[in-house]
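J.: Quick one: this structure, given as structure tokens, is what I'll be asking you about.
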Amino acid sequence: MQHNRLWEKYPPTYRAQEVQTVLQWIQTGNSGSVVGLPGSGKSNFLGFLCHHPQALPPHETAIQLIPIDFNILPDRSLATFYRVILRAFYETQPQFTTQLQVAIHEAYQSTKDKRDPFLPQSALRELLLQFRQRQQRVVLVIDRFDDFCEHATPAMTNTLRGLRDHFKDTLCYIMGLRHDIAYLSDPTILGELYELLDLHTCWIGPMSKADAQHLVHQETHLATRTPTNKMIDTLINLTGGYPALLKTACHWWQQSGTTIPQAQWANALLANRSIRHRLQELWDGLDQEEQHTLSQLQTPTFTPQNKNAPDQDSPIQRLLDKGILWQTDEAWQLFSPLLAKFIAANPIQGRGKLWVEPGSAIVHQGDTVLQDLTQLEHALLVFLLRYPRTRHTKTDLIINAWPDEQRRYGVADDSLYQLIASLRKKIEPQPSKPQYLLNWRGQPEGGYYLIPEGRPK
Numbered sequence: 016m017q018h019n020r021l022w023e024k025y026p027p028t029y030r031a032q033e034v035q036t037v038l039q040w041i042q043t044g045n046s047g048s049v050v051g052l053p054g055s056g057k058s059n060f061l062g063f064l065c066h067h068p069q070a071l072p073p074h075e076t077a078i079q080l081i082p083i084d085f086n087i088l089p090d091r092s093l094a095t096f097y098r099v100i101l102r103a104f105y106e107t108q109p110q111f112t113t114q115l116q117v118a119i120h121e122a123y124q125s126t127k128d129k130r131d132p133f134l135p136q137s138a139l140r141e142l143l144l145q146f147r148q149r150q151q152r153v154v155l156v157i158d159r160f161d162d163f164c165e166h167a168t169p170a171m172t173n174t175l176r177g178l179r180d181h182f183k184d185t186l187c188y189i190m191g192l193r194h195d196i197a198y199l200s201d202p203t204i205l206g207e208l209y210e211l212l213d214l215h216t217c218w219i220g221p222m223s224k225a226d227a228q229h230l231v232h233q234e235t236h237l238a239t240r241t242p243t244n245k246m247i248d249t250l251i252n253l254t255g256g257y258p259a260l261l262k263t264a265c266h267w268w269q270q271s272g273t274t275i276p277q278a279q280w281a282n283a284l285l286a287n288r289s290i291r292h293r294l295q296e297l298w299d300g301l302d303q304e305e306q307h308t309l310s311q312l313q314t315p316t317f318t319p320q321n322k323n324a325p326d327q328d329s330p331i332q333r334l335l336d337k338g339i340l341w342q343t344d345e346a347w348q349l350f351s352p353l354l355a356k357f358i359a360a361n362p363i364q365g366r367g368k369l370w371v372e373p374g375s376a377i378v379h380q381g382d383t384v385l386q387d388l389t390q391l392e393h394a395l396l397v398f399l400l401r402y403p404r405t406r407h408t409k410t411d412l413i414i415n416a417w418p419d420e421q422r423r424y425g426v427a428d429d430s431l432y433q434l435i436a437s438l439r440k441k442i443e444p445q446p447s448k449p450q451y452l453l454n455w456r457g458q459p460e461g462g463y464y465l466i467p468e469g470r471p472k
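Taking the working numbering, the leading residue of the sequence shown gets 16, the next gets one more, and so forth.
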């Protein structure tokens with residue numbers, strides 16, 4: 016394989032734990048999602064997997080990773096979709112044996128101008144059959160998969176699932192996303208592909224100390240002064256080793272950090288506009304329940320009510336999975352003192368999860384009781400909370416929120432729109448950019464659905 020010198024600068028042990036997780040999926044023929052909040056280095060991790068000569072250790076089954084960018088599709092036809100996949104093989108062909116290079120070259124060159132989808136589809140299937148005959152596993156690595164899903168057609172995602180079903184022993188996928196696939200604007204676009212990606216998730220978060228030290232050396236090697244070990248440790252500790260924060264902190268250090276006492280670095284960094292921007296991006300990448308949990312801290316550490324292992328779907332566990340919280344012997348700790356200071360100073364805090372008090376119809380948002388709901392708003396919200404994450408048509412919502420006597424005379428769609436707008440003003444941080452109560456479009460009619468914890472931005 017031809018390797019860009021950029022990737023060879025990464026140590027072979029880069030993100031060793033995450034590499035091992037993904038390797039276990041591939042070795043067992045499973046697909047999965049690599050998810051990382053803004054600034055986590057998710058794309059760098061996927062690039063490292065695909066391009067570093069020592070990223071994957073030798074294995075009895077030959078593994079070929081093929082990076083694909085579906086966000087450059089010239090059009091949304093299936094013929095183009097197949098040709099883009101074949102082109103990805105063509106662009107990485109130097110990594111293959113001579114026989115496979117010939118087969119890849121022929122498959123792409125003979126179909127790159129074909130408009131009939133059957134022709135590039137057949138070429139792709141014949142190519143995968145050759146990999147199967149050689150007992151080689153092909154991994155299609157698709158970064159920014161959530162962006163692709165915004166314009167993908169059901170035929171495209173069904174194609175990915177169909178190829179995987181037919182070549183289970185040969186083909187699997189690694190999809191890069193900014194958020195869990197449950198937060199796609201239209202998860203139904205995935206169809207049965209959803210099941211393949213939902214079972215295995217690897218979160219990319221703060222780096223190990225060794226990786227963080229390597230990043231500092233890379234970012235400061237041209238500086239007029241070399242940071243001392245103590246300076247490096249301070250930069251890593253303040254940023255928690257989070258790639259975007261640490262990289263920005265290194266640039267700050269080169270510009271002004273060398274003249275400021277280390278005891279004042281935390282406040283100086285927090286005053287830096289670029290640092291605040293990256294902290295805000297990270298914060299916006301959390302759902303409202305996670306933000307609410309963190310906003311209660313005000314200090315880097317806190318003791319939860321339940322000291323046992325948190326529930327799998329609890330906000331604490333989700334924050335642990337993302338690397339935002341670390342577990343110590345006695346408490347949960349925020350990974351970065353800078354983030355702790357940012358949250359403590361942030362006047363806009365997460366609103367928390369919407370929930371109905373057991374044994375009553377009282378609706379809460381985080382720790383707050385929603386007392387100013389009208390009768391219709393309450394009825395609609397309780398119904399949506401009873402069936403969360405479910406796409407309800409406008410008709411279904413009218414039937415389940417309006418009293419029988421009002422429906423008897425008919426309820427116009429405009430009445431529902433006004434009710435939705437009024438309810439959003441009471442539950443949404445920004446009603447014009449809803450995170451809880453979301454709309455969807457469909458035929459013959461669309462409607463709305465509720466995400467109780469509030470979707471990340």
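Just so you know, even glycine gets a beta-carbon here, dropped at the ideal spot from N, CA and C.
Let's test the definition: count the other Cβ atoms within 10 Å of the Cβ of P459 and tell me whether it reaches 16, buried, or not, exposed.
T.: Reading the sequence shown from its first residue, position 444 is the one you call residue 459. The residue in question, P459, is exposed, as its Cβ has fewer than 16 Cβ neighbours within 10 Å.
J.: Judging by CA-CA distance, which residue of P362, I247, L115, S329 is the nearest neighbour of T235?
T.: In the sequence shown, residue 235 corresponds to position 220, counting from 1. Of the listed residues, the one whose Cα sits closest to T235 is I247.
J.: Quick one: give me the first and last residue of the beta strand (DSSP E) that E454 is part of.
T.: Here the question's residue 454 lines up with position 439 in the sequence shown. It is Asn, not Glu, that sits at residue 454 in the sequence shown. Residues 452 to 455.
J.: Sort P242, L285, Q311, W22 by Cα distance to F357 and report the nearest one.
T.: Residue numbering aside, residue 357 sits at position 342 when the sequence shown is read from its first letter. Residue L285 is the option with its Cα nearest to F357.
J.: Could you tell me the distance, in whole angstroms, from the CA atom of F163 to the CA atom of N86?
T.: Here the question's residue 163 lines up with position 148 in the sequence shown. Here the question's residue 86 lines up with position 71 in the sequence shown. For F163 and N86, the distance between alpha carbons rounds to 6 Å.
J.: Put I377 into one of helix, strand or coil per three-state DSSP.
T.: As a first step, residue 377 must be located in the sequence shown, where it is residue number 362. Note: I377 maps to coil in three-state DSSP.
J.: Provide the residue(s) that pair with T216 in DSSP beta bridges, ordered along the chain.
T.: For this step, residue 216 is matched to residue 201 along the sequence shown. In DSSP, T216 forms a bridge with S48.
J.: So, helix, strand or coil for R240, using DSSP?
T.: Against the sequence shown, residue 240 aligns to sequence position 225. Note: R240 maps to coil in three-state DSSP.
J.: Taking the beta carbon of M174 as the centre, do at least 16 other beta carbons fall within 10 Å, making it buried, or is it exposed?
T.: Sequence index remark: in the sequence shown, residue 174 carries index 159 (1-based). The amino acid at residue 174 is misidentified as Met; the sequence shows Thr. The residue in question, T174, is buried, as its Cβ has 16 or more Cβ neighbours within 10 Å.
J.: Give every residue of the same chain whose Cβ lies closer than 6 Å to the Cβ of F96, excluding the five residues on either side of it in the sequence, and list them in chain order.
T.: Here the question's residue 96 lines up with position 81 in the sequence shown. Hits under 6 Å: M171.
J.: Would you mind stating whether I157 and I83 have Cβ atoms separated by less than 8 Å?
T.: Indexing the sequence shown from 1 puts residue 157 at position 142. Indexing the sequence shown from 1 puts residue 83 at position 68. Yes; because the gap between Cβ atoms is below 8 Å, this pair is in contact.
J.: Which two residues bound the contiguous alpha helix (DSSP H) that contains L334?
T.: Here residue 334 refers to the residue found at position 319 when the sequence shown is read from its first residue. L334 -> alpha helix (DSSP H) spans 330 to 337.
J.: In whole angstroms, what separates the C-alpha of P444 from that of P135?
T.: Counting from one through the sequence shown, the residue named residue 444 turns up at place 429. Counting from one through the sequence shown, the residue named residue 135 turns up at place 120. The alpha-carbon atoms of P444 and P135 are separated by roughly 47 Å.
J.: Leaving out the 5 sequence neighbours to the left and right, which residues in its chain are closer than 8 Å to F104 when beta-carbon positions are compared?
T.: Translated into positions along the sequence shown, residue 104 becomes position 89. Closer than 8 Å at the Cβ level, and outside the excluded window around F104, lie I81, I119, A122, Y123, L142.
J.: Could you give the distance in angstroms between the alpha-carbon of M16 and the alpha-carbon of Q108?
T.: Translated into positions along the sequence shown, residue 16 becomes position 1. Translated into positions along the sequence shown, residue 108 becomes position 93. Confidence in M16 is poor, its pLDDT being 40 and thus under 50, which makes the residue's placement too unreliable to answer from.
J.: Could you spell out where the alpha helix (DSSP H) holding R152 opens and where it closes?
T.: Translated into positions along the sequence shown, residue 152 becomes position 137. Taken as a continuous stretch (DSSP letters only), R152 belongs to no alpha helix (DSSP H), being part of the beta strand (DSSP E) at 151 to 157.
J.: Taking all protein chains shown into account, decide if R401 is buried (16 or more other Cβ within 10 angstroms of its Cβ) or exposed.
T.: Working through the sequence shown from its first residue, we reach residue 401 at position 386. Answer is exposed; the Cβ neighbour count stays below 16.
J.: Of all the options L178, L21, L155, which has the alpha carbon lying nearest to the alpha carbon of L473?
T.: Outside the shown range of the chain, which is 16 to 472, sits residue 473, and nothing can be said about it.
J.: Taking only the alpha-carbon atoms, compute the straight-line gap between L453 and T249 and give it to the nearest angstrom.
T.: On the sequence shown, position 438 is the one that residue 453 refers to. On the sequence shown, position 234 is the one that residue 249 refers to. One C-alpha to the other measures close to 42 Å.
J.: Of all the options L353, L301, R152, which has the alpha carbon lying nearest to the alpha carbon of Q332?
T.: The residue you call residue 332 lines up with position 317 of the sequence shown. Among L353, L301, R152, the Cα nearest to that of Q332 belongs to L301.
J.: Determine the extent of the beta strand (DSSP E) in which P82 is found, giving its start and end residues.
T.: Mapped onto the sequence shown, residue 82 falls at position 67. Residues 77 to 83.
J.: Report the rounded CA-to-CA distance for T239 versus Q69, giving the unit in angstroms.
T.: Position 224 of the sequence shown, counted from the first residue, corresponds to residue 239. Position 54 of the sequence shown, counted from the first residue, corresponds to residue 69. So the alpha carbons of these two residues sit roughly 32 Å apart.
J.: Relative to the alpha-carbon of L369, which residue among Q303, K24, N415 has its alpha-carbon at the smallest distance?
T.: By 1-based counting over the sequence shown, the position of residue 369 is 354. When only C-alpha atoms are compared, the closest one is Q303.
J.: Measure the Cβ-Cβ separation of W347 and L354 and say whether it is below 8 Å.
T.: Here the question's residue 347 lines up with position 332 in the sequence shown. Here the question's residue 354 lines up with position 339 in the sequence shown. No, the pair does not count as a contact, with Cβ atoms beyond the cut-off.
J.: Could you pull the DSSP bridge partners for C265 from this structure?
T.: Counting from one through the sequence shown, the residue named residue 265 turns up at place 250. Partner(s): none; C265 has no beta bridge.
J.: Give me the residue from S92, V153, T405 with the minimum Cα distance to D131.
T.: Within the sequence shown, residue 131 is the residue found at index 116, counting from 1. Comparing Cα-Cα distances from D131 to each of S92, V153, T405, the minimum goes to S92.
J.: If C187 sits next to S46, beta carbons under 8 Å apart, how far is it from one beta carbon to the other, in whole angstroms?
T.: Against the sequence shown, residue 187 aligns to sequence position 172. Against the sequence shown, residue 46 aligns to sequence position 31. That belief holds up - the Cβ atoms of C187 and S46 are roughly 5 Å apart, short of 8 Å.
J.: Please report the straight-line C-alpha distance between I196 and T308, rounded to a whole angstrom.
T.: Locating residue 196 in the sequence shown gives position 181, counting from the first residue. Locating residue 308 in the sequence shown gives position 293, counting from the first residue. Approximately 22 Å between the Cα atoms of the pair.
J.: On the criterion of 16 or more Cβ atoms from any shown chain inside 10 Å, does R152 qualify as buried, or is it exposed?
T.: The residue labelled residue 152 in the question sits at position 137 within the sequence shown. Per the 10 Å Cβ criterion, buried.
J.: For the segment 162 to 241, list the beta strand (DSSP E) runs that are entirely contained and at least 3 residues long, ordered along the chain.
T.: You should have 186 to 192, 216 to 219.
J.: Using only the alpha-carbon positions, how far apart do H18 and C217 sit?
T.: Translated into the one-based positions of the sequence shown, residue 18 becomes position 3. Translated into the one-based positions of the sequence shown, residue 217 becomes position 202. The pLDDT assigned to H18 is 48, lower than 50, so where the model puts this residue is not dependable, and the model offers no usable value.
J.: Can you list, in chain order, the residues of its chain with a C-beta nearer than 6 Å to that of L260? Leave out the 5 residues immediately preceding and following it.
T.: Translated into the one-based positions of the sequence shown, residue 260 becomes position 245. Closer than 6 Å at the Cβ level, and outside the excluded window around L260, lie T254, R293.
J.: Once the 5 residues before and after H379 are set aside, which same chain residues still bring their CB inside 6 Å of it?
T.: In the sequence shown, the residue the question calls residue 379 occupies position 364. So the qualifying residues of the chain are W370.
J.: Indicate the three-state DSSP secondary structure (helix, strand or coil) for W417 in the structure shown.
T.: For the purposes of this step, residue 417 is identified with residue 402 of the sequence shown, where counting begins at 1. The answer is coil: DSSP assigns W417 none of H, G, I, E or B.
J.: For L465, which three-state DSSP category applies?
T.: To locate residue 465, count along the sequence shown from 1; it is residue 450. It is a strand residue.
J.: Quick one: Cα of Q110 to Cα of H166, how far?
T.: Within the sequence shown, residue 110 is the residue found at index 95, counting from 1. Within the sequence shown, residue 166 is the residue found at index 151, counting from 1. When rounded, the distance between both Cα atoms is 31 Å.
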